[in-house]
Amino acid sequence: MTPARQAEPHQEVFEIGHITFYLNQDISERFQQCVLDYDRSFLGKGLTASWPQCDECTCHS
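To convert, take the position in the sequence shown, counting from 1, and add 83; that gives our numbering.
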């Protein structure tokens, strides 16, 4: 991920809480299934995202 001020023409916009994501269309469908968690503690993990695995996922191989 890289910071951006606005979406590119080929990207979709997702707003979750106070966070805005600009995602390419090829992953936007997967992102709709995403669960986000933010750990605010001093030594926390920050923002984490998780989503269901699929058959096309490279981590299956």
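Heads up, the beta-carbon is just placed ideally off N, CA and C, and yes, glycines get one too.
This one's a predicted model, so the numbers in the text were calculated from it and none came from an experiment.
| Asked | Found |
| --- | --- |
| Nearest by alpha-carbon distance to ILE102: which of ASP120, LEU126, ASP138 is it? | ASP120 |
| Could you give the residue range of the beta strand (DSSP E) that holds SER133? | 129-133 |
| Going by beta carbon distance, what residues of the same chain come within less than 7 angstroms of SER111, once the five residues before and after it are set aside? | GLU95 |
| Looking only at C-alpha atoms, which of ARG113, GLU91, PRO86, ARG88 sits nearest to ASP138? | ARG113 |
| Taking the alpha-carbon positions, what's the HIS93 to GLY127 distance? | 33 angstroms |
| Quick check on PHE97: does DSSP put it in helix, strand or coil? | strand |
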